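The structure appears below as structure tokens.
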Amino acid sequence: MSLTNEMISDVLNLSQDDIEHLSSCRINKTLVINVRLKKKTCSCPNCGSFSIRIKEYKLRKIHHSLLSLDPCILNYQARRYICSDCGITFYEDNPFSNQGVNISNLTILNVLKELKEPNATFSSVAKHHHISVTQTQEIFDRFVQISRQPLSKILCMDEVYTQTSRKNKYSCLILDFLTNRLLDIVYDRKKYSLLNYFERIPKEERNRVEFVIIDMYETYRTVVYRRLPNAKIAVDSFHVIKNFNQTVRNVRIRIMKRFDKKSDEYYLLKKFSWLLEASDVRENRSKFNKRLRRYINYPQILDLILKISPELENAYKLKKKYAHLNRYTRYDEADKKLWTFIDEMKGSPCPEIQKMRKTLIHWFEEIKNSFIIINGKRLSNGIMESRNGIAKEIKNNANGYRNFARYRNRCLYVMNPDITPNLAGCTKDLRMHN
12 MSLTNEMISD VLNLSQDDIE HLSSCRINKT LVINVRLKKK TCSCPNCGSF SIRIKEYKLR
72 KIHHSLLSLD PCILNYQARR YICSDCGITF YEDNPFSNQG VNISNLTILN VLKELKEPNA
132 TFSSVAKHHH ISVTQTQEIF DRFVQISRQP LSKILCMDEV YTQTSRKNKY SCLILDFLTN
192 RLLDIVYDRK KYSLLNYFER IPKEERNRVE FVIIDMYETY RTVVYRRLPN AKIAVDSFHV
252 IKNFNQTVRN VRIRIMKRFD KKSDEYYLLK KFSWLLEASD VRENRSKFNK RLRRYINYPQ
312 ILDLILKISP ELENAYKLKK KYAHLNRYTR YDEADKKLWT FIDEMKGSPC PEIQKMRKTL
372 IHWFEEIKNS FIIINGKRLS NGIMESRNGI AKEIKNNANG YRNFARYRNR CLYVMNPDIT
432 PNLAGCTKDL RMHN
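The following block contains the structure:
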């Protein structure tokens, strides 16, 4: 479909009264628009004099996202004025782009809008708007530089695999539990880095933090106790269950190694290991199993597995009992029920269970605090897992980031809907900043 001058002027948001000349043609697959605006009365920006004259016309080639399928170039004939009184030169105002920029304002806005989506990459956005990847990154770096968000009363802390350098593999995400806002991403999760990060935050702000939800990472606990003195720590219940599943897995593997690989016991422990970690094994329709030479369903298979070893059965039943305790216990009951359960674990013959028992004792207060309910929600890092997934998606779609500052800004920009670009532009150079 051919574009008329009226259509082009509408897309460029120009009135016919503003246009002195407008024409278009196609060169290969590029739409080239030639435009010159009508002369308007203006004054010298230096002395305010109206005694000005046209010195020359300068041709500016501006990349414009007029079309999605084909590139578009604006050949804009910009008037350059000279002041008769003070002698300075200046260009006329135009609605296309700022001085010294060869990409239109509309293209910049469209680029920033697309980069708000987590599945967009700098390469895909650059291809869509027919500009280079470097130009897309420069647009983002110039208009999206986000400061640390204020600490909230309840924080979630967790790591995400970023590997933004050879020395650093994990970064630390800090989230507001109540609003689900991503507050910041710290370059790494090392103790001295986190201590220095929180030390730079005003003490009055740190003292307002009441709870911090973490996994069972000792560094996080140390940092919270040293830098957030008024905060209680809660261990995410999901990670406790995860540790219990790993404990049962270790017991299963140890017992499985006792049997010949051709035995039925090895077959059951290997092929149906997932039954030991499932939260609920429901009865299903029986299917014929060639190896066992019988019709059997999943609950029956689980019974066969547990009969293989009293140790495995003991570990599995303790895991199920803790899962029930974790789900149905109130905070005012947690202290008593947790200690009762820990005492019961003492009689287990499994060395893996004894190791898990020591873990529960070591993190007892933090696990007990996880039963606290705030505004109808139990303290947990559940929302953090969602944000962690978005952070991974941003990284994986781009095949990784080497510029941590850019990655941090991108995550904050994508995950916080209320954060908008600073259209005045930023002066800090992020190209070599890590």
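The sequence shown begins at 12 in the numbering used here and counts up one residue at a time.
Note that beta-carbon positions come from the ideal geometry of N, C-alpha and C, so glycine has one too.
Computed from a predicted structure; not experimentally measured.
**OP:** Could you tell me if Thr147 is buried or exposed, where buried requires 16 or more neighbouring beta carbons within 10 angstroms of its beta carbon?
**Re:** So Thr147 ends up on the buried side.
**OP:** Assign Gln156 to one of two classes, buried (16 or more other C-beta atoms within 10 Å of its C-beta) or exposed (fewer than that).
**Re:** Per the 10 Å Cβ criterion, buried.
Subject >> Complete alpha helix (DSSP H) runs within the region 142-199 (minimum length 4 residues, chain order) >> reply: Here the runs fully enclosed are 144-154.
**OP:** Reducing DSSP to helix, strand and coil, say where Phe415 ends up.
**Re:** It is helical.
Original post:
Helix, strand or coil for Val112 per DSSP?
Top reply: In the structure shown, Val112 sits in coil (DSSP, three-state: anything other than H, G, I, E or B).
**OP:** Check Cys58 in the structure and name its three-state DSSP category.
**Re:** In the three-state reduction of the DSSP assignment, Cys58 falls in the coil class, being assigned neither a helical nor a strand state.
Subject >> Pairwise C-alpha distance: Leu423 and Asn445 >> reply: Low local confidence applies: a pLDDT of 47 at Asn445 is under 50, so the model's placement there is unreliable, with the coordinate-based value given in what follows. Going from the Cα of Asn445 to the Cα of Leu423 covers about 16 Å.
Original post:
Can you tell me the Cα-Cα spacing of Met443 and Glu125, whole angstroms?
Top reply: Unreliable placement is indicated for Met443, whose pLDDT of 46 sits below 50; no coordinate value is reported for it.
Original post:
Buried or exposed: which applies to Met426, given that a residue is buried once 16 or more other Cβ atoms fall within 10 Å of its Cβ?
Top reply: By the neighbour-count definition (other C-beta atoms within 10 Å, threshold 16), Met426 is a buried residue.
**OP:** Using the Cα positions of Met267 and Phe255, report the straight-line distance between them to the nearest angstrom.
**Re:** Distance between the alpha carbons of Met267 and Phe255: 18 Å.
**OP:** Measuring alpha carbon to alpha carbon, tell me which of Ser26, Asp247 and Lys201 ends up nearest Lys388.
**Re:** The shortest C-alpha separation from Lys388 is found at Asp247.
Subject >> Contact belief for Phe415 with Tyr198 at Cβ below 8 Å, rounded distance in angstroms >> reply: The Cβ separation is near 6 Å, so the contact holds.
**OP:** May I ask you to report which of helix, strand or coil DSSP gives Arg90?
**Re:** Strand, per DSSP.
**OP:** Work out the CA separation of Pro240 and Glu215 for me, nearest whole Å.
**Re:** In this structure, the alpha-carbon of Glu215 lies about 11 Å from that of Pro240.
Original post:
Hey, how far is the Cα of Ile224 from the Cα of Ile264?
Top reply: Distance between Ile224 and Ile264, taken at the CA atoms: about 32 Å.
Original post:
So is the beta-carbon of Leu279 under 7 Å away from any non-hydrogen atom of the ligand NAP?
Top reply: Absence of the ligand NAP from the depicted structure is noted, as is the absence of any ligand whatsoever, leaving it without description.
**OP:** Would you mind stating whether Thr118 and His75 have Cβ atoms separated by less than 8 Å?
**Re:** Yes.
**OP:** Using a threshold of 8 Å, state whether the C-beta atoms of Asp81 and Leu42 are closer than that.
**Re:** Between Asp81 and Leu42, the C-beta spacing is below 8 Å.
**OP:** Using a threshold of 8 Å, state whether the C-beta atoms of Asn433 and Phe151 are closer than that.
**Re:** No, these two residues do not count as a Cβ contact at 8 Å.
Subject >> Other residues of its chain near Val171: CB distance less than 6 Å, five sequence neighbours each side excluded >> reply: Answer for Val171: Ser182, Leu184, Asn399 and Ala402, listed in chain order.
Original post:
Are Val122 and Leu85 touching if we call contact CB-CB under 8 Å?
Top reply: In this structure, Leu85 does not lie closer than 8 Å to Val122 by Cβ.
Subject >> Distance, Pro428 Cα to Lys40 Cα >> reply: In this structure, the CA atom of Lys40 is about 37 Å from the CA atom of Pro428.
Subject >> Proximal residues to Tyr309 (C-beta, below 7 Å), its chain only, five neighbours per side dropped >> reply: So the qualifying residues of the chain are Leu286, Val292 and Asn295.
**OP:** On a CA-only basis, which of Glu229, Glu324, Ile142 and Asp271 is nearest Arg73? Give me that one, please.
**Re:** Residue 73 is actually Ile in this sequence, not Arg. Taking Ile73 as reference, the option from Glu229, Glu324, Ile142 and Asp271 with the minimal CA-CA separation is Ile142.
Original post:
Relative to the C-alpha of Ser134, which residue among Arg269, Gly411 and Arg419 is closest?
Top reply: Restricting attention to Arg269, Gly411 and Arg419, the CA atom closest to the CA of Ser134 is found in Gly411.
Original post:
By the 10 Å Cβ neighbour count, where 16 or more other Cβ atoms means buried, how is Lys272 classified, buried or exposed?
Top reply: So Lys272 ends up on the exposed side.
Original post:
DSSP state of Ala289, grouped into three classes?
Top reply: Coil.
**OP:** Go through its chain and collect everything with a Cβ distance to Lys69's Cβ below 6 Å, but skip five positions before and after it.
**Re:** Closer than 6 Å at the Cβ level, and outside the excluded window around Lys69, lie Ala89 and Arg91.
**OP:** Kindly indicate the opening and closing residues of the beta strand (DSSP E) around Ser248.
**Re:** Segment Ser248 to Met267 is the alpha helix (DSSP H) holding Ser248; no beta strand (DSSP E) there.
**OP:** Using alpha carbons as the reference points, say which of Val259, Leu329 and Phe249 lies closest to Met227.
**Re:** Closest in alpha carbon position to Met227, among Val259, Leu329 and Phe249, is Phe249.
**OP:** Mind checking which residues open and close the beta strand (DSSP E) that includes Asn218?
**Re:** Element bounds for Asn218: not the beta strand (DSSP E) but the alpha helix (DSSP H), Lys214 to Asn218.
Subject >> Helix, strand or coil at His75 according to DSSP, with G and I counted as helix >> reply: In this structure, His75 counts as coil in the three-state DSSP scheme.
**OP:** Give every residue of the same chain whose Cβ lies closer than 7 Å to the Cβ of Lys66, excluding the five residues on either side of it in the sequence, and list them in chain order.
**Re:** In chain order, Arg91, Tyr92, Ile93 and Thr100 place their CB closer than 7 Å to the CB of Lys66, counting only its own chain and leaving out the 5 sequence neighbours on each side.
Original post:
DSSP state of Glu221, grouped into three classes?
Top reply: If DSSP states are grouped into helix, strand and coil, Glu221 belongs with coil.
Subject >> CB contact flag (Ser26, Ser62, <8 Å) >> reply: No, the pair does not count as a contact, with Cβ atoms beyond the cut-off.
Subject >> Where Leu70 sits in the DSSP three-state scheme >> reply: In the three-state DSSP reduction, Leu70 falls in the strand class (E or B).
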